[in-house]
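Q: Chains as they are written, first to last, in the numbering used here: chain A, 29 to 200; chain B, 29 to 200; chain C, 29 to 200; chain D, 29 to 200; chain E, 29 to 200; chain F, 29 to 200.
6 protein chains.
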Amino acid sequence: MPSVPKFTHLDAQGHAQMVDVSDKAVTVREARAEAIVRMLPSTLERLIAGDMPKGDVFAVARIAGICAAKRTHDLIPLCHALALSAVEVELAACANDAVRIRTRCKLNGRTGVEMEALTAASVAALTLYDMCKAVDRGMCIEHIRLIEKSGGASGHFLADDTDVAATLRPTT
Amino acid sequence: MPSVPKFTHLDAQGHAQMVDVSDKAVTVREARAEAIVRMLPSTLERLIAGDMPKGDVFAVARIAGICAAKRTHDLIPLCHALALSAVEVELAACANDAVRIRTRCKLNGRTGVEMEALTAASVAALTLYDMCKAVDRGMCIEHIRLIEKSGGASGHFLADDTDVAATLRPTT
Amino acid sequence: MPSVPKFTHLDAQGHAQMVDVSDKAVTVREARAEAIVRMLPSTLERLIAGDMPKGDVFAVARIAGICAAKRTHDLIPLCHALALSAVEVELAACANDAVRIRTRCKLNGRTGVEMEALTAASVAALTLYDMCKAVDRGMCIEHIRLIEKSGGASGHFLADDTDVAATLRPTT
Amino acid sequence: MPSVPKFTHLDAQGHAQMVDVSDKAVTVREARAEAIVRMLPSTLERLIAGDMPKGDVFAVARIAGICAAKRTHDLIPLCHALALSAVEVELAACANDAVRIRTRCKLNGRTGVEMEALTAASVAALTLYDMCKAVDRGMCIEHIRLIEKSGGASGHFLADDTDVAATLRPTT
Amino acid sequence: MPSVPKFTHLDAQGHAQMVDVSDKAVTVREARAEAIVRMLPSTLERLIAGDMPKGDVFAVARIAGICAAKRTHDLIPLCHALALSAVEVELAACANDAVRIRTRCKLNGRTGVEMEALTAASVAALTLYDMCKAVDRGMCIEHIRLIEKSGGASGHFLADDTDVAATLRPTT
Amino acid sequence: MPSVPKFTHLDAQGHAQMVDVSDKAVTVREARAEAIVRMLPSTLERLIAGDMPKGDVFAVARIAGICAAKRTHDLIPLCHALALSAVEVELAACANDAVRIRTRCKLNGRTGVEMEALTAASVAALTLYDMCKAVDRGMCIEHIRLIEKSGGASGHFLADDTDVAATLRPTT
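#1: By how many angstroms is the C-alpha of Cys-168 (chain A) removed from the C-alpha of Tyr-157 (chain A)?
#2: Can you tell me whether Gly-183 (chain E) is buried or exposed, with buried defined as 16 or more other CB within 10 angstroms of its CB?
#3: Under a three-way DSSP split, which group does Arg-165 (chain E) fall into?
#4: With 8 Å as the C-beta to C-beta threshold (strictly closer), list the residues of the region 110-123 of chain E near chain A in chain order.
#5: Using 7 Å as the limit for Cβ to Cβ distance, is Ile-91 (chain A) near chain D?
#6: Go ahead and label Val-54 (chain E) buried or exposed: buried means 16 or more other beta carbons lie within 10 angstroms of its beta carbon, across all protein chains shown.
#7: Is Ala-149 (chain E) near Ala-61 (chain E), with beta carbons less than 7 Å apart?
#8: Give me the Cβ distance between Glu-142 (chain A) and Lys-98 (chain A), rounded to the nearest whole Å; I'm assuming they're in contact under 8 Å.
#9: Whose C-alpha, out of F:Ala-63, F:Lys-52, F:Pro-69, F:Asp-51, is nearest the C-alpha of Val-163 (chain F)?
#10: Let me check one thing: in DSSP terms, what residues is Val-56 (chain C) bridge-paired to?
#11: With distance defined between alpha-carbon atoms, name the residue in C:Gly-137, C:Glu-118, C:Arg-173 nearest to Ala-152 (chain C).
#12: Going along chain B, which residues have a C-beta under 7 Å from Pro-105 (chain C)?
#13: Taking Cys-160 (chain C) as part of the alpha helix (DSSP H), name the residues at either end of that continuous run.
#14: So within the region 103-132 of chain E, which uninterrupted beta strand (DSSP E) runs reach at least 3 residues, ignoring any that extend past its ends?
#15: Give me, in chain order, the residues of the same chain whose beta-carbon lies closer than 8 Å to that of Gly-140 (chain D); leave out the 5 immediate sequence neighbours on both sides.
#16: Within its chain, find whatever has a CB closer than 7 Å to the CB of Leu-146 (chain F); leave out the 5 residues flanking it on each side and keep chain order.
#17: Inspect the beta-carbon positions of Leu-154 (chain D) and Ala-111 (chain C) and report whether they are closer than 7 Å.
#18: Please state whether DSSP places Pro-81 (chain D) in a helix, a strand or coil.
#19: Using CA atoms only, rank isn't needed, just tell me which of A:Leu-186, A:Arg-165, A:Glu-170, A:His-43 is closest to Asp-23 (chain B).
#20: Pull up the CB-CB distance for Leu-72 (chain F) and Asn-124 (chain F), whole angstroms please, since I reckon it's below 8 Å.
#21: So that I know if they touch, is there some Cβ in chain D lying closer than 7 Å to that of Val-88 (chain A)?
#22: Does the CB of Ile-76 (chain A) have a neighbour CB from chain B at under 7 Å?
#23: Roughly how many whole angstroms lie between the Cα atoms of Gln-45 (chain A) and His-43 (chain D)?
#24: Where does Ala-120 (chain E) land, buried or exposed, given buried means 16+ other C-beta within 10 angstroms?
#25: Could you tell me whether any Cβ in chain A is nearer than 7 Å to the Cβ of Lys-52 (chain E)?
#26: Straight-line CA distance for Arg-130 (chain E) to Ala-63 (chain D)?
#27: Any beta carbon from chain D within less than 7 Å of His-171 (chain B)'s own beta carbon?
#28: Can you pull out the residues from the region 122-152 of chain C whose beta carbon lies closer than 7 Å to at least one beta carbon of chain B?
#29: Measure the Cβ-Cβ separation of Arg-85 (chain C) and Val-127 (chain C) and say whether it is below 7 Å.
#30: Residues in its own chain within less than 7 Å of Pro-81 (chain A) by CB, not counting five upstream and five downstream?
#31: When the cut-off is 7 Å and only beta carbons count, does Val-56 (chain A) lie next to chain E?
#32: Leaving out the 5 sequence neighbours to the left and right, which residues in its chain are closer than 7 Å to Glu-116 (chain E) when beta-carbon positions are compared?
#33: Take the Cβ of Ile-104 (chain E) as the centre, count every other Cβ of all protein chains shown within 10 Å, and call the residue buried at 16 or more, exposed below.
#34: Assign Leu-186 (chain C) to one of three DSSP states: helix, strand, or coil.
#35: In whole angstroms, what separates the C-alpha of Ile-91 (chain F) from that of His-101 (chain D)?
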């Protein structure tokens, strides 16, 4: 019978603790994550067509995502503080009613950076929501998930379907 | 022709700015938001059946959500700092492969608190992901959205479908 | 049978939540707290006699305490964010082997400020420890406690013995 | 003999403390501040002519300034935490070798907001420096100062010369 | 005559500064600290007997302690920022009127982590106070101290009496 | 024709991103920066002559500068988080109407620390302004600039004129 992975955030009595990473190797670790923000087609049109200065909402969301990546350990209680060597946040319109956010984080260190990539995607999405909510309160953030992860003992991870955006059915 | 709502985060030249709320009334404002975390049925089973101490992951996620609500203005660049009078975060299993997170924020103040409720839901979801990712890296955070909002000049908002969780198709 | 006070940080199912203070009155609230740092008599002598510039350690500890009071809600998960109207931190040598730290916080608002006063005292004490630990690693922080509290529905509180420092037995 | 203003951050023994503002009136308070960043004319040309996407550096600096205004009390030890009702940050090229940053903060509250306006200007300037330093390490931030202040007991303040930028001599 | 240790936070003129650790070796460093929270026996009974859900207060205090360890350098002015490799916080009832908090921090780095361990203990204690203060305002935090420290040039430190809790006299 | 330096904060489409420093060498990096605060001669006299306790304003400003250096990555969106090995902040009166602030930051790491040194100088200057503004609202912060930088691939930088303070013309 294959052994099942153990929850490593728990101590012997089941209490939540930070994992001890003292003995892990310092390697290059990288993670990519994604979020989709669904909105009314009319909202996306205004984003694209320039009812606001092109790129500005995207610029604020990008910066918010980058800053959030650096604060992940302040938000997620059991995450280790770490010194990311790179953070990227990209936003793009997809289908006729969605914006796709993709992030990438890198570290030379002892822990994976998937939470940093996911946090960057989430906060970029929340920022986009904040900047458009006056015209579309029903927006929904969907599919925040890990796309790829490399480095460290757990090996390479690649999501089964790396292009959720491509499968979005346009709102009609 | 009905006038369209304006993006209020922009100044005359289209640059992002914090909205001036000096002239808004101090009223009781409230918002409720939601997030769904999808996972393998086996992951949910372990969460429920006690492969880790019952409630502990939920306890950490709940605390992380509450703390995040208080830091919303530090994460979302154009949000106002404010002194929430209440924050609630609830987590519950739903279907056979999901956890539903519901949040509620209240304020006696000049601005709506939907971003605080959404941020609490997002960070609680990220924390849940962090605590279970060792056994299920493919988890996905879905349907982060506003459920209800009251107080302030923009009136009452209630999402069309307030029970997304009820419509989740079980994973087979 | 007298009713006992209830733990108000818990919801109906016993989960930790921030207390809803929406309906509490805005009044002037004030709290005073205290901490004692015990050390070797020789350490206190050096603090007093000027083996370091008089007042400098005290200055850093005072500032650290004031700054910590403002961050209480970031440290204590269920504390409300609030806008203190005043913070005071005083340090004084007492007996031949101790420093007494006293703090006072004020607020025009809906919640008591005892946690802010206690946090200021604790962090001032930790800072004093940090600045002297190279010469005295056995220092001990004692008697962090609330001295007085006023304002709000729970009435006036005054500690039974408001001068613990006076009862400290000198180290011989 | 006219009485001189007193330093209000000091207690009876001269120790630094936060001013007690409990008894100050809640009024609308506003402050405007300014910073000038001097650079090589060639650096400004590249900023303007689009060697980088027009507006992007400005967008990041603007956001950084807004976020910094909200954190002023975390940076300046004796500043009160407060809930700004508005923050504006504007950047513009001036002369042939400078960028002028102007900020405005508003509050319905008990304390002036000049430190918030000055902090926003400073951090926007530092951010601009950060984004251009790879091509011009000799840039200099000049003339961070208060332009105007209104509200509160100390009355209206207007800087003698409100247009330093106009007096900048072009670099030749 | 033996030379006395020097205060290393001071520059040549006695001004407080961060110690320069550039030349210190990167080694595994570890520290353990402790705090005792004294309360009414009836308060401890309610904590233990389940007048609130078993473990919940402890869960919140544990998380608060872990998060505080990561923020030590933000609270203690002269502490270096560092990336802890492990944080543990344990709480246990002792005698009939006290809770003992024990913490452990680890680092692969250039500075000791005793302040991190002490800060975790202090903030866990403050959080416990916060969650119980509605029923027992006279609680007192005692004996915050370093238990053990290893790694680095200053050698191994072990407190004389490593079990203060065992010597607590029960409240009668 | 010499090649011009490129703006390294931009991705292929010109969007702001954090520079990827994964491949940079870990070396000792150091930076020194400066700020000048101009004030009324009478303000400086009071600072020096002891109308407030000697050294206290300087002590608070020094601590604020040190703390700000540690938070640079939280303030400047595209700065990397890093673990400074040393921070120094010095303040001195110069001419008859100015205070000069000089800072020095060190790191064993992959990125330069000029933003940390500049941020420390800026926040120390803002703090000095805050503590004296009640008597002199027209103070001006001038000449925030990099003095020297070493370590890393970009080589050694030394400002042309390293003693601006010496050239200040006294106010008459």
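For every residue, glycine included, the Cβ atom is placed at its ideal position computed from N, Cα and C. Remember, it's a predicted structure, so these values are computed and weren't measured experimentally.
A: Straight from the coordinates:
#1: 8 Å
#2: exposed
#3: coil
#4: Leu-110, Ala-111, Leu-112, Ser-113, Ala-114, Val-115, Glu-116, Val-117, Glu-118
#5: yes
#6: exposed
#7: yes
#8: Going by Cβ atoms, the distance from Glu-142 (chain A) to Lys-98 (chain A) rounds to 15 Å, so no, they are not a contact pair.
#9: F:Pro-69
#10: C:Asn-136
#11: Distances from the CA of Ala-152 (chain C) to each of C:Gly-137, C:Glu-118, C:Arg-173 were compared; the closest alpha carbon is that of C:Glu-118.
#12: Ile-91, Ile-94, Cys-95
#13: 142-160
#14: 114-122
#15: Arg-57, Ala-59, Lys-177, Gly-179, Gly-180, Ser-182
#16: Only residues of its own chain outside the window of five on either side were considered, and among them Ala-61, Ile-172, Leu-174 have a CB closer than 7 Å to the CB of Leu-146 (chain F), listed in chain order.
#17: no
#18: Residue placement at Pro-81 (chain D) is flagged as unreliable, the pLDDT there being 40, under the threshold of 50; the coordinate-derived value follows with that caveat. It is coil, neither helix nor strand.
#19: A query on residue 23 (chain B) cannot be resolved here, the shown segment of chain B reaching from 29 to 200 and no further.
#20: 6 Å
#21: By this cut-off, Val-88 (chain A) is an interface position.
#22: no
#23: 41 Å
#24: exposed
#25: no
#26: 49 Å
#27: Not flagged as an interface residue toward chain D: His-171 (chain B), since no C-beta distance is shorter than 7 Å.
#28: Arg-138
#29: Rather than Arg, the amino acid found at residue 85 (chain C) in this sequence is Val. Not in contact: Val-85 (chain C) and Val-127 (chain C) (Cβ atoms no closer than 7 Å).
#30: Bear in mind that the predicted position of Pro-81 (chain A) carries a pLDDT of just 40, short of 50, making it unreliable; the figure below should be weighed with that in mind. Around Pro-81 (chain A): no qualifying Cβ.
#31: Judged by the 7 Å Cβ criterion, Val-56 (chain A) is not in contact with chain E.
#32: Thr-131, Arg-132
#33: In this structure Ile-104 (chain E) is buried. Its beta-carbon is surrounded by 16 or more other beta-carbon atoms within 10 angstroms.
#34: strand
#35: 14 Å
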